[in-house]
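Residue numbers for the sequence shown follow this note's numbering, so the first one is 654 and each next one is one higher. Even for Gly, the Cβ is constructed at its ideal location relative to N, Cα and C.
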Amino acid sequence: MAKLLSTRVAIVGAGPAGLLLGQLLHRAGIDNLVLERRPIARVLARIRAGVLEEGTVRLLEEAGVADRLHREGLVHEGIEIAVQGERRRIDFRALTGRQVVVYGQTEVTKDLVEARRAAGLPLLDEVSDVLPVDLESERPRVLFRRGGEAFELSCEIVAGCDGFHGICRSRIPASRLRTFERVYPFGWLGILTRARPVSDELIYAYSERGFALFSMRSPTVSRLYVQCAPSDPVEAWPDERVYEELALRVGPEVAARLERAPSIEKSVTQMRSFVAEPMRHGRLVLAGDAAHIVPPTGAKGLNLAAADVGLLARALVAFLRGNDPRPLDDYSERALARVWKAERFSWWMTSLLHKFPEGDPFRDRLQRAELDYLFGSRAQQTVLAENYVGLPLALD
Ligand code: APR
Ligand code: PHB
């Protein structure tokens, strides 16, 4: 016999989307319970991207979890693009009047988990066999197991924040669900090192040898990436090879500043663009990677998840407290309007800066023309800048 639990919003997934939604709902006085399949310690150990748009920072402030971010986050007013060693700065402040904050997603997740624990809110980790049911009724349920026991969680809304490999998206009937996908013929090999970054700002490098990215987590921790084959195991990339490629791809001036410290984390990231429509079915709503994936080139993954949650939290407050279903009815369409613009930008920036496998000379010439145009056009630099800092968050 299953143990019976009840809440108003069942949140599946304790990544940034689920935790931020839980925090915003709590501050609006709406009970919620988070279910997470991994041990929370594993969730907190994940190394992910680290560029926050101003809209994301505002949502974290609204959630009451931005104090450390304001103390430790690094404000960046531009990035550099390097093409075969020649560099051009994209000045966000001059072109858009805006900026981004560099602050690891790992830290965002830690801040959200700490706030949830401090508020004594339920977060059940190491759950299994999660199954949302009765999603077209007014009392959906989530079945799951934990500690060898069966549970039945009754609720009013199921928020699928369980990422690309989660269960919730599959609970939308195949007859209603439409998916769109593009898989790229390369991946990113990323390392974390305790070394001073080569620059105060991020450097995105295009070269005939492939893409490279010089990012950071703090003034003493660097986050470095090189384009690799999607099937490359991390073993194919000893530190020496990573540093050699980083140096060759960015050019001698920056390479001279590259501190070759031992990597303390190394992983390969696959590259895909993916969107699932709609982001709602009955009492199930999707947010974050459960509904969409972007290649990391545009640093949009976390920011898109936050934008979904900003819209969704407002819609759920209207529905559950204001008895107004309209914002929830509009959620999927409004979220997808932003998602597709971010998908376009992430695809464009990925196509601009990566070396594609041989075989399409016309495509290669277009890419070089696109890079030349970017370097010479304030208009095109403004397009890159306004998408990178984030399109306005129209939440109300
Ligand atoms: N039951 C419970 N939890 C689940 C299930 C399940 N069936 N399936 C997955 N999860 C959990 C995962 O363990 C993970 O902790 O859901 C969480 C989803 O978190 P993310 O994948 O981080 O997705 P999201 O919260 O949308 O954040 C998107 O995270 O992965 C990055 O690049 C991505 O920056 C983006 C951000
Ligand atoms: C990172 O710091 O991990 C990072 C930064 C910018 C990106 C992708 C990843 O576009």
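When L937, L877 and W993 are compared against P793, the one with the closest alpha-carbon
In the sequence shown, the residue the question calls residue 793 occupies position 140. For P793, the nearest C-alpha among the options comes from L937.
Tell me, which residues are paired with A929 by DSSP?
To locate residue 929, count along the sequence shown from 1; it is residue 276. For A929, which the question treats as bridged, DSSP gives the partners T832.
V704 CB to nearest heavy atom of the ligand PHB below 7 Å:
Locating residue 704 in the sequence shown gives position 51, where the first residue counts as 1. True, at least one ligand heavy atom lies under 7 Å from that Cβ.
Does the Cβ of A607 lie closer than 7 Å to at least one heavy atom of the ligand PHB?
The first residue shown for the chain is 654 and the last is 1049, placing residue 607 beyond what the model contains.
Where A1032 and L774 are concerned, what is the direct C-alpha to C-alpha distance, given to the nearest angstrom?
Residue 1032 sits at position 379 when you count from the first residue of the sequence shown. Residue 774 sits at position 121 when you count from the first residue of the sequence shown. Computed Cα separation, rounded: 48 Å.
Can you give me the C-alpha to C-alpha distance between W841 and S790, rounded to a whole angstrom?
Taking the first residue of the sequence shown as 1, we reach residue 841 at position 188. Taking the first residue of the sequence shown as 1, we reach residue 790 at position 137. Rounded to the nearest angstrom, the two C-alpha atoms are 43 Å apart.
State the start and end residues of the unbroken beta strand (DSSP E) segment that holds E733.
Within the sequence shown, residue 733 is the residue found at index 80, counting from 1. Start and end: G731 to V736.
Taking 8 Å as the threshold, find out whether the region 886-893 comes into contact with the region 916-923 through three or more Cβ pairs.
yes
In the structure shown, what three-state DSSP assignment does F839 receive?
As a working mapping, residue 839 is identified with position 186 in the sequence shown. The answer is strand: DSSP assigns F839 an E or B state.
Using the C-alpha atoms, what's the distance from I946 back to F927?
Here residue 927 refers to the residue found at position 274 of the sequence shown. Here residue 946 refers to the residue found at position 293 of the sequence shown. Looking at the two C-alpha atoms, the distance is approximately 5 Å.
How big is the Cα-Cα spacing for A803 and G731?
Here residue 803 corresponds to residue number 150 of the sequence shown, with the count starting at 1. Here residue 731 corresponds to residue number 78 of the sequence shown, with the count starting at 1. Rounded to whole angstroms, A803 to G731 spans 51 Å at the Cα level.
Got a sec, what are the start and stop residues for the beta strand (DSSP E) F1009 sits in?
Along the sequence shown, one-based indexing puts residue 1009 at 356. Neither: F1009 is in no beta strand (DSSP E) and is coded neither H nor E.
Local conformation of N956 per DSSP, three classes
Against the sequence shown, residue 956 aligns to sequence position 303. Correct three-state label for N956: helix.
C-alpha gap between A988 and R691, whole angstroms
The count along the sequence shown starts at 1 and reaches residue 988 at position 335. The count along the sequence shown starts at 1 and reaches residue 691 at position 38. Those two C-alpha atoms are separated by around 27 Å.
Please report the Cβ distance between C881 and V662, rounded to the nearest whole angstrom; I am assuming they are in contact, meaning their Cβ atoms lie under 8 Å.
Looking up residue 881 in the sequence shown gives position 228. Looking up residue 662 in the sequence shown gives position 9. In fact, because the Cβ distance is near 40 Å, the residues do not count as touching under 8 Å.
Does DSSP put F1028 in a helix, a strand or coil?
Numbered from 1 along the sequence shown, position 375 holds the residue referred to as residue 1028. The answer is helix: DSSP assigns F1028 an H, G or I state.
Using a 10 Å radius around the Cβ and a threshold of 16 neighbouring Cβ atoms, would you call N976 buried or exposed?
Reading the sequence shown from its first residue, position 323 is the one you call residue 976. With fewer than 16 other Cβ atoms within 10 Å, it is exposed.
Quick one: using the 10 Å Cβ neighbour count with 16 as the cut-off for buried, is E898 buried or exposed?
Stepping through the sequence shown from its first residue, residue 898 is reached at position 245. Looking at its Cβ environment, which holds 16 or more other Cβ atoms inside 10 Å, E898 is buried.
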